[in-house]
Structures are given as C-alpha cells and as structure tokens.
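These notes are about the structure you will find just below.
Protein chains in written order, with the numbering used here: chain L, 1 to 318; chain Z, 1001 to 1296.
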C-alpha cells in the first residue's frame, strides 16, 4: 500500500457554459519519501490535481468521482473538520507566488506561532518559536530573522520560509505547486536542491508540480506527464528520459536545450492545448500529434503499463 | 510582550519618529500639524473646567450690557446671558468630542464585523447587507442624523448613535471591498491550505490587513462626525442648554450677529473648524502615507 493512492480521480469545473473536465480519470501512487514530478502545460489540470489532494479545489470545481487514499483512508469521505486537521500537518501545500503567500502585517514568528497552534493549540509561544528556529535553520534562513516582516525578505528567502512553514509539523506529503516559477534560475536550482535535501533528511514525500520538465527530470524519482486533464505518461524519471514513449513527452524533451549540441534548434509543439469545454474526440493530443493514425481522432486510448512501472496512453504502444 | 527597553525605546523613538515623518513630505507634515491641533484642543477641553476664569454656565450680572465685547475681564467677550465666552470655549468641546468619538466607535463595532462577515460569506447574505447599507447611504447624512436624533431624544449616547448610523455604511463598504480583494490573495489560500478554520482566517489573516484602511476612514469620519455633531447641537438637538457647547453657542451667536456682536459666533466657529481640520489633516495624511498608489 502506498502512502498516497489516487484512483480514477475526476474533477470537473461546473461552469455556466458547461462542465470542464480538469482532471480526467487520474490514478497514481506515491510511496513514502518519493519525489514525484507532475508536469504539464497551463490548463493541463496539474494544479487542480494538486489542490484536490488537499480538497481545496476552488469553486465551481467539484471532485466528481474517484478516491484519494492516504495511509489507506479515503479523504473524500472526511468531514470538513477532519480535513482541516490534516492540511498542514499531514499534507502541506506550497504555492507558486512566494511574494504574496505570507501576510504582510505579520512577522515570520507570528506566522509560525499561528500555524503551529492551528494544529496543536496547547503549544506555548516559546515552544513554537523553538521549533520555528529549527526549521528555519533547515531551510537556510538565519533564525534571528524570525522577528522580521515578509517584505524584508527576497523572493527566494520567502519561498524558503514557506517551505519551512510547510515542513514544521513533519507532514508525510508536501505538494509544491510551481514553487520556483516566480524565481530566477539560480535561486530555482537552490530551492530544488533544498527540497531534495529535506526529503533525504526527513523522508517526506514530495509532489512537485511544474510546467518545466527539465526542472524535475534530474531530481524526481518518478514523473507524471499530464495533458488536457489526463495522464499521458507516467514512469521513473530515468526511464522517461531515456525511452519517452508518448509523442507529447518526446516533443517536450526535444524542447529542452542540450549543451552538447549547441547549434541544435529547439522544436516547439505546433498548436495549442484543446478547449476543454469542447474536447476533441479520441486522443486529446491528436490535433497536435505528428504521428497520428486515423483511429486517434475517433477512439480514446487507454493508459497501459507497457513495461513494468511505465504507463503510456497512446495507440502506438498497444 | 512589551519589555522595559521597548517602552523606553518607544519614548526616545518619538523624536526621530517625528523627524522621519517630516521627511515623508507633505503627508508627514499634515499628520504632524493635524495631531498638534487635535491634541491641543483635547488638552484644552480636558483641562477646561479647571482653568476657565469664570463658570461658563452662570450668567455674569455685571458688567451689563450683554453681550459685551472682549475686555480684560472677559478676553473673548460675553454672550447674551453675560456668560464668559473664553470659559465656554474652554469647556464647550467635551460633548462634541465625546459624541464624535462614540459615534466612530459605534460605526467600528457595527460596520466592521458586518463588512467582514458579509463579504467573506458572500452569496445572498452579502447581497442583503449591501442593499440595506446602500439604502442608508442613499439618504443625505445630516437629514438622516437629524431624523434619528429627533426620534431618540437628547443625550450623548443618542446623539452618537444617530451620527453613527449615518457612517456605518462607509465602514461596511471599505471593509467589504478590502476583504473581497484579500480573500483571493495567496496568503489567505495558504492559510486555508495550512488547515486554518474560516474564523481563524477571517480574524487572524484578513482583519489585520483591513485595519490600516479602517483607521484612515475612522480619522476622516471623525472630522465629519464633529461637523455633524455641531450641526445637530446648532439646531437644538444637543444635550441641553445648561451645558456649554460650541454648536449651541454658534447658533445663539448667529442671532446676535446683526447687532455687531461678532465675538459670540466667531470663536466657537473657529474651534469647530480647527478640530475638524485637525482630524481631516491626520486622515488625509495617513491615507496618503498608507496608499502605495499615491507614493512617489
């Protein structure tokens, strides 16, 4: 049994113009201490998938079916109170924009005290601060800066503080939604190294949501590629890198610059993702796919385990 | 949490604080001057009963004729009843200030919680409250205050309530619009993702970020409330004739103006204008300092 098991999850946004299937029949497993990269372009449903794991899909989004099991318990059946007690303590979530993720009128210390007391109301201030100091040191922020306000920190430092908050209560799972997108490349690499380091030290599992395959390729254990709400490929990252099987993944990998071939032109994928209000029949990638067969336009391929632990949704592999 | 060192730091920090305020340009000076005016008037009013040379309510029989112009014995003259105007100026602010203060507190206690709740919950509750508040807003403020004051009768509390009702919608609107923005910001979402309950999010994350705007509205409203209070006492809806009050003196002085007794109306008028000006300066200065869009 995995730590987190998502099974045939479907999330719809019920808009006035019709239902938008943001997450379509997604199943995957997350083991203890695993680093999973969730890759997809804007609108592929990766953030919705992340938010549905803490059951905070913004309205009009609704989890229509499927199960999300943590340590065997389906959190879809949990009461709102039970969910609140899990968020932050068992599953933490880190948002994209570190500049506005901290309340501007609260000192860092107050954020920690508030957060720790949300889950452990009896904790004294001194105790909370002591724990805050430890985690701040873990993420590379000087503990004496705990009395400062968020605006006194840089973006990268704020994201470190967000990470510190997220791991304070030793959660089993941390979901980070594009944690480095708002930061520059150097800071991005440092933050990602930090996540790996924290995983090695504390053994929590991470779900790293990103639109940048190159960011997660070398750091994650497994990679899940999403397109138009569904999984198109799911495999160990090394395997995915060496033998990408879905045309979409192949094209994504071709889009990563390679320093060994300096004059190689990067190939873009023509077209844009489908309108989910009116999804294409058959394979959702078929309108942009260069290797399509006639049946791709009419029939929907199933996600198949082509070799152990390598799942692909494409007729080529059947 | 405040330690000894902190308090001392605060006291010694006051002078550099003023200096840095002055360096913030016109907004800083507005706050400094406004605060000086308001504090001086508050001080005068607080000490009034102890420092006034005559009893402001007892008519002075000599020297007739009344009203008498400013003289050595009565530096600001006397009114029709022969009461010393200086003493009436020194003592006449307390009712007005109490009324204005209480009405602002009243607005705060009603407008802020309703604004928070209504915008946070949203839906039909929000629509209902907005409709009610907008219908209050539609009345001309002074007319509404007069109507309510006439219904409720005399007294500081009644006056404060009738003025407060007029301004509750402004607080409601400001709070509501702020909450609508703040509740969509990532730190609110982050708080929710960290397991905080709705009440915690509202009181610990949203409210503290709304407070600066409410403070600005409150100071500006203070000036308004003072003018409204003066208006109410002017038309006789004040506390009572035996209590010295600038608004009351203003209305009595108006009758004497044709006979050339300018001093009865001028000095209470100046006091009311100064007090309102002081609060307006503070309010405008604060809103300029706190509004990042106006910052250069």
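Just so it is clear, CB atoms sit at the ideal spot from N, CA and C, and this is done for glycine as well. Predicted model, so just to flag it, every value in this text is computed and none were measured.
> Among L/2, L/234 and L/295, which has the Cα closest to the Cα of residue 306 of chain L?
Replying inline: Here the closest residue by C-alpha is L/234.
Note to self: Using DSSP's beta-bridge definition, name the partner residues of residue 310 of chain L.
What the structure shows: DSSP, once it has assigned bridges, lists L/307 as partnering residue 310 of chain L.
- Query: Beta-carbon separation of residue 135 of chain L and residue 167 of chain L under 8 Å?
  - Reply: Yes, the pair counts as a contact, with Cβ atoms nearer than the cut-off.
Exercise for the section: Report yes or no: is there a C-beta of chain Z within less than 8 Å of the C-beta of residue 309 of chain L? Expected result: Taking CB atoms only, residue 309 of chain L has no neighbour in chain Z less than 8 Å away.
Does chain L have any CB closer than 8 Å to the CB of residue 1286 of chain Z? In terms of beta-carbon proximity, residue 1286 of chain Z stays away from the interface with chain L, with every pair separated by 8 Å or more.
> With 8 Å set as the bound, which would you pick, yes or no: does the beta-carbon of residue 105 of chain L sit closer than that to a beta-carbon of chain Z?
Replying inline: It does; some Cβ of chain Z falls within 8 Å.
TODO: Taking only the alpha-carbon atoms, compute the straight-line gap between residue 1134 of chain Z and residue 1188 of chain Z and give it to the nearest angstrom.
DONE: Spanning the two alpha carbons is a distance of roughly 28 Å.
Hey, is the stretch 1210-1229 of chain Z in contact with the stretch 1096-1112 of chain Z, meaning 3+ C-beta pairs nearer than 8 Å?
Yes, the stretch 1210-1229 of chain Z touches the stretch 1096-1112 of chain Z.
Problem set entry | DSSP-derived helix/strand/coil call for residue 1196 of chain Z | DSSP places residue 1196 of chain Z in coil when its eight states are reduced to three.
Which value, in whole angstroms, describes the spacing of the CA atoms of residue 1152 of chain Z and residue 93 of chain L? Distance between the alpha carbons of residue 1152 of chain Z and residue 93 of chain L is about 54 Å.
| message | Along the chain, where does the beta strand (DSSP E) containing residue 173 of chain L start, and where does it finish? | response | Secondary structure note for residue 173 of chain L: its beta strand (DSSP E) is the uninterrupted segment 173-177.
field: Straight-line Cα distance separating residue 1111 of chain Z from residue 1169 of chain Z
entry: Residue 1169 of chain Z and residue 1111 of chain Z have their C-alpha atoms some 7 Å from each other.
Practice task
Return the residues of the stretch 1195-1206 of chain Z that lie within a Cβ-Cβ distance of less than 8 Å from chain L, sorted by chain order.
Solution key: Residues 1195, 1196, 1197, 1200, 1204 and 1205.
Would you call the stretch 1260-1272 of chain Z and the stretch 1198-1217 of chain Z in contact, with 3 or more CB pairs under 8 Å? The answer is no - the stretch 1198-1217 of chain Z does not touch the stretch 1260-1272 of chain Z, with fewer than three Cβ pairs under 8 Å.
Which class does residue 29 of chain L belong to by DSSP, given the choice of helix, strand or coil? Assignment of residue 29 of chain L by DSSP, reduced to helix, strand and coil, places it in the strand class.
Exercise. Within 8 Å (strictly less), CB to CB, does residue 97 of chain L reach chain Z?
Worked result: Chain Z has a Cβ within less than 8 Å of the Cβ of residue 97 of chain L.
Problem set entry | Contacts around residue 1216 of chain Z, its chain only, beta-carbon distance under 7 Å, and the 5 residues preceding and following it disregarded | Here the set comprises 1283, 1286, 1287 and 1290.
If you follow the beta strand (DSSP E) that residue 64 of chain L is in, where does it begin and where does it stop?
Here the beta strand (DSSP E) through residue 64 of chain L covers 61-70.
Can you check whether the C-beta of residue 17 of chain L is within less than 8 Å of a C-beta belonging to chain Z? No, because no Cβ of chain Z sits closer than 8 Å to the Cβ of residue 17 of chain L.
Identity of the residues DSSP links to residue 205 of chain L by a beta bridge
Note: residue 205 of chain L sits in a beta bridge opposite L/173.
_residue 226 of chain L - partner residues in DSSP beta bridges_ = As a beta-bridge residue in DSSP terms, residue 226 of chain L pairs with L/231.
- Message: Check whether the stretch 122-142 of chain L and the stretch 72-82 of chain L are in contact - that is, three or more C-beta pairs closer than 8 Å.
- Response: Taking a cut-off of 8 Å on C-beta distances, the stretch 122-142 of chain L does not touch the stretch 72-82 of chain L, as fewer than three cross pairs fall below it.
Local conformation of residue 1243 of chain Z per DSSP, three classes
Of the three classes helix, strand and coil, the one that applies to residue 1243 of chain Z here is coil, per DSSP.
- prompt: What first and last residue would you give for the alpha helix (DSSP H) that runs through residue 81 of chain L?
  reply: Taken as a continuous stretch (DSSP letters only), the alpha helix (DSSP H) holding residue 81 of chain L covers 80-86.
Residue 89 of chain L CB to nearest chain Z CB: under 8 Å? Put simply, the CB of residue 89 of chain L is near chain Z, with a gap under 8 Å to one of its CB atoms.
Residue 141 of chain L by DSSP, collapsed to three states: which one? Here DSSP, grouped into helix, strand and coil, assigns residue 141 of chain L to coil.
Have a look at residue 95 of chain L and residue 1034 of chain Z and give me their C-alpha separation to the nearest angstrom. Rounded to the nearest angstrom, the gap between the Cα atoms of residue 95 of chain L and residue 1034 of chain Z is 43 Å.
Opposite residue 9 of chain L in the DSSP bridges: which residues? Residue 9 of chain L has L/26 as its beta-bridge partners, per DSSP.
Just to confirm, is the Cβ distance from residue 71 of chain L to residue 3 of chain L under 8 Å?
Yes.
Let me see if you follow: with CB-CB separation under 8 Å, is residue 115 of chain L close to chain Z or not?
Yes - at least one Cβ of chain Z is within 8 Å of the one on residue 115 of chain L.
Open item on the list: Per the DSSP calculation, residue 236 of chain L is bridged to which residue(s)?
Closed with: Paired residues: L/222.
- Item | Of the listed residues Z/1109, Z/1037 and Z/1236, nearest to residue 1279 of chain Z (C-alpha basis) | Minimum Cα-Cα distance from residue 1279 of chain Z among the listed residues Z/1109, Z/1037 and Z/1236 corresponds to Z/1037.
Any 3 or more C-beta pairs closer than 8 Å across the stretch 211-228 of chain L and the stretch 292-300 of chain L: Remark: fewer than three beta-carbon pairs, one from each stretch, lie closer than 8 Å, so the stretch 211-228 of chain L and the stretch 292-300 of chain L are not flagged as touching.
*asked:* Can you tell me whether residue 1176 of chain Z is buried or exposed? The criterion is at least 16 other CB atoms within 10 Å of its CB, across all chains shown.
replied: Buried.
Q) Quick one, which of L/170, L/255, L/37 and L/241 has its alpha-carbon nearest residue 201 of chain L's? A) In terms of Cα proximity to residue 201 of chain L, the closest of L/170, L/255, L/37 and L/241 is L/170.
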